[in-house]
Each structure stands twice: as structure tokens, then as C-alpha cells.
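Undergrad: Shown below is the structure under consideration.
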Amino acid sequence: MSETTHDSAVAMSAPPSSDEGLTPAQRAQKYGLSQSGARPGLPAYVRQLWDRRHFISAFASAKMTAQYSQAKLGQVWQVATPLLNALVYYLIFGLLIGTRNGVPDFVPFLVTGVFIFTFTQSSVMAGTKSISGNLGLVRALHFPRACLPISFCLMQLQQLVFSMGVLLVILLGFGQLPTWSWLLVIPALALQFVFNTGLAMVMARLGSKTPDLAQLMPFIMRTWMYASGVMFSIDLILKDKQVPAFVEWLLNANPAAVYIDLMRFALIDSFTANKLPPHVWAYAGGWALLMGVVGFVYFWKAEERYGRG
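Here it is in C-alpha cells:
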């Protein structure tokens with residue numbers, strides 16, 4: 001029998017491959033293969049983030065140090081920028097427009113509002129560009145992408161804590177002595193941080209596919225600031241005005257206004273409980289829980305798509 005005939009006989013007698021008829025997904029499952037960059041389950045994703053908590057902290061500190069590395073005054077701008085904004089708002093709104101009328105301790109009132117809103121504003125702005133502005137890192141390394149918006153929000157929290165020293169000096173200079181209510185700063189900032197992080201995650205996912213969103217955000221944030229009572233008292237503005245009840249509710253339930261009110265209540269003696277909206281702590285906790293959970297899940301849903309063209 002010729003060699004060709006022998007090889008054909010051997011081929012015909014060989015048993016069929018066990019992989020025949022299997023789809024690519026079934027073959028991958030059979031040999032224990034997994035998709036590169038696939039989105040893990042939500043509990044596993046949380047564990048991965050916890051395992052990288054030191055990276056998140058170090059990345060935030062490095063970004064904060066590098067942010068003003070080219071400026072001669074360096075990190076002094078972390079404090080100077082909100083103070084200069086507060087000065088401009090005082091001249092325009094407090095003096096020219098007269099929003100200081102009827103507001104005791106207007107300077108502490110204004111500076112507190114500027115510092116606290118800047119915390120949310122900077123977190124959202126940084127979160128919007130956290131993926132699109134770090135594509136090289138996203139494409140080069142494998143890590144939970146939520147590390148980036150969380151790191152940027154943590155950086156903004158560190159900047160705020162650094163700036164709080166100046167805020168406290170201003171409060172003391174205008175006669176606001178430390179009281180037990182100052183301890184309320186801790187839970188108020190914790191809730192605001194969770195809210196900021198959730199919102200930054202939403203904006204990070206949107207900004208990863210629409211980079212032009214970063215150009216639109218300053219206008220959105222400025223509009224939000226004007227509706228949050230940073231430069232004026234919402235109660236005084238609404239007083240003796242016939243506005244629909246739902247508009248008044250929206251202004252009082254505005255999350256930025258809620259966190260600003262909590263900080264003013266904690267730090268300013270004349271900002272008493274009767275100036276707080278009803279159920280203000282429930283609003284603060286509800287916004288933090290809602291935005292924290294929704295933002296985290298919304299960002300996680302697109303985990304495998306970040307950094308891809």
C-alpha cells in the first residue's frame with residue numbers, strides 16, 4: 001500500500017476532536033480562559049478597589065503636588081484661588097448688589113459657601129476629565145478604572161482640608177469662636193465627599209465618550225452655583241416673593257445648597273437651626289447615598305469600554 005493511502009486510512013480512523021462543534025465562548029470556558037479586560041462582578045470590583053486603596057491615595061497626593069508645580073507660589077494657589085473668588089463675589093454681590101443686607105456675619109457666610117461649593121465644583125470638573133485626560137495610563141495598565149475619579153475627588157478633599165486652616169482663621173478673625181458644633185464639619189464633609197465622588201463617576205463615564213463635555217461643564221457649574229445660595233441667603237431671596245412651592249423645594253433640596261448650609265450651621269454662630277431647610281440631614285444623607293450608589297454602578301457598567309477607541 002502506498003504512503004498516501006496509508007495516511008488517509010490513519011486520518012479516517014482517528015477519533016473526532018472533542019472541540020468540534022463548540023463555540024469560541026464554550027472553548028474558552030472549557031480551557032479556563034477569560035476575556036481580557038472584562039468587567040468583573042460588582043462585589044469583585046469593590047474588592048479590587050479596596051486592594052488598590054494605597055494606589056488611590058498615592059495618586060491623589062501626587063496629582064495635588066504636581067498641579068501647581070509650575071507656579072512660583074506652588075500650593076499657595078489652593079487657598080488663594082477660592083479666596084480671590086470670595087473677594088470678587090463680595091465686591092459684586094455683597095457691596096454692589098447688596099446681598100449682604102440682612103445676613104449676619106456675611107464674610108464668614110460667603111467664604112464658607114465659596115470653599116464648600118468649590119469642593120464640589122472641582123471634584124466634578126476633575127471627574128469629567130479623569131478618563132479622557134489619562135488615556136495613556138488607562139491603556140497601559142490594568143486596574144479598576146474607578147480608581148481615577150475616586151483619586152481626583154480625594155485630591156480635592158485634601159485641598160479643601162488644606163484650605164480649611166485659612167477658613168478657620170477668617171472665622172476667628174470675624175468673632176466665630178470654636179464650639180461643639182464645629183465637630184459637625186466631619187460628617188458633613190464625609191457626606192459631601194460621597195456625593196461628589198458619585199457625581200464625578202457619572203461625569204467620568206460621560207466625559208470618556210464626549211470629551212467636549214469638559215468645555216461645557218464650567219457653564220453648568222456656574223449656573224448651579226448661582227442656584228445654591230453661595231453669595232446670598234436663599235431664605236431672604238424667597239421672602240415676600242410668590243414662587244411656586246416646588247421651586248422653593250428644589251432650591252432647598254439642592255445638594256450643593258444642603259452641604260453649604262450644613263457647614264454654615266456648624267461654623268457660624270448666627271446661622272442657627274431655623275435657617276436650615278426641614279430634614280436637612282436627611283437630604284444630605286439621601287443625596288450621598290443616591291449619588292454614591294447610582295454613580296458607582298453607572299461607572300462600573302462601562303468598565304470594559306474605557307480607553308477603547
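Here UniProt numbering is used: the first residue of the sequence shown is 1, the next is one more, and so on.
For glycine and all other residues, C-beta sits at the position ideal for the given N, C-alpha and C.
Quantities reported herein were computed from a predicted structural model and do not represent experimental measurements.
1) Quick one: what does DSSP say residue 239 is sitting in, helix, strand or coil?
2) Contact between the region 266-274 and the region 92-109 is defined here as three or more beta-carbon pairs at a separation below 8 angstroms; is this criterion met?
3) Of all the beta strand (DSSP E) runs that stay within the bounds of the region 87-118, which reach a length of 3 or more residues?
4) Quick check on residue 45: does DSSP put it in helix, strand or coil?
5) How is residue 34 classed by DSSP in three states: helix, strand or coil?
6) What number of angstroms, rounded off, separates the C-alpha of residue 133 from the C-alpha of residue 149?
7) What is the C-beta distance between residue 127 and residue 153, in whole angstroms, given that I count them as a contact (C-beta under 8 angstroms)?
8) Among residues of its own chain, excluding the 5 on either side of residue 302, which ones have a beta-carbon nearer than 6 angstroms to its beta-carbon?
9) Note down, in chain order, each residue of its chain lying with its Cβ closer than 8 angstroms to the Cβ of residue 125, except the 5 sequence neighbours on either side.
10) By DSSP, does residue 294 sit in helix, in strand, or in coil?
11) If I measure Cβ to Cβ from residue 329 and keep anything under 6 angstroms in the same chain, skipping five residues before and after, which residues do I get?
12) Report yes or no: do the region 242-261 and the region 281-294 share at least 3 C-beta pairs separated by less than 8 angstroms?
13) Under 8 angstroms, with one C-beta from each stretch per pair, do the region 162-169 and the region 231-245 reach the 3-pair mark?
14) If you draw a straight line from the C-alpha of residue 178 to the C-alpha of residue 56, how long is it?
15) Looking at residue 263: is its Cβ nearer than 9 angstroms to the Cβ of residue 116?
16) Between residue 155 and residue 190, what straight-line distance do the alpha-carbon atoms span, to the nearest angstrom?
17) Which residue's Cα is closest to the Cα of residue 102: 225, 89, 184, 232?
18) Using alpha carbons as the reference points, say which of 305, 226, 249 lies closest to residue 118.
19) I need the DSSP call for residue 82, collapsed to helix, strand or coil.
20) With distances taken Cα to Cα, identify the nearest neighbour of residue 151 among 187, 223, 194, 169.
21) For residue 183, does the count of other Cβ atoms within 10 angstroms reach 16, so buried, or fall short, so exposed?
22) Residue 234: which of 291, 46, 113, 52 sits nearest, CA to CA?
23) Please classify residue 43 as buried or exposed, where buried requires at least 16 other C-beta atoms within 10 Å of its C-beta.
24) Nearest by alpha-carbon distance to residue 78: which of 166, 228, 173 is it?
25) Hey, how far is the Cα of residue 67 from the Cα of residue 61?
26) Does the beta-carbon of residue 300 have 16 or more other beta-carbons within 10 angstroms, so that it is buried, or is it exposed?
27) Give me the Cβ distance between residue 313 and residue 295, rounded to the nearest whole Å; I'm assuming they're in contact under 8 angstroms.
28) So what's residue 306 in DSSP terms, helix, strand or just coil?
29) Kindly indicate which three-state DSSP category residue 39 falls into: helix, strand or coil?
30) When you compare the CB positions of residue 292 and residue 198, do they come within less than 9 angstroms of one another, or not?
31) Is residue 232 helix, strand or coil when you go by DSSP?
32) So what's residue 268 in DSSP terms, helix, strand or just coil?
33) Looking at C-alpha atoms only, which residue of 50, 250, 304 is the closest neighbour of residue 280?
TA: Answer, in terms of the structure:
1) coil
2) yes
3) none
4) helix
5) Confidence at residue 34 is low in this model, with a pLDDT of 49, below 50, so the placement of that residue should be treated as unreliable; the coordinate-derived value is given next. In the structure shown, residue 34 sits in coil (DSSP, three-state: anything other than H, G, I, E or B).
6) 11 angstroms
7) 7 angstroms
8) 205
9) 214, 217, 218, 221
10) helix
11) Residue 329 is absent from the model: the chain starts at 1 and stops at 309.
12) yes
13) no
14) 33 angstroms
15) yes
16) 14 angstroms
17) 232
18) 226
19) helix
20) 194
21) exposed
22) 113
23) exposed
24) 166
25) 10 angstroms
26) buried
27) It is not possible to answer for residue 313, since the shown part of the chain is limited to 1 through 309.
28) coil
29) coil
30) yes
31) coil
32) coil
33) 250
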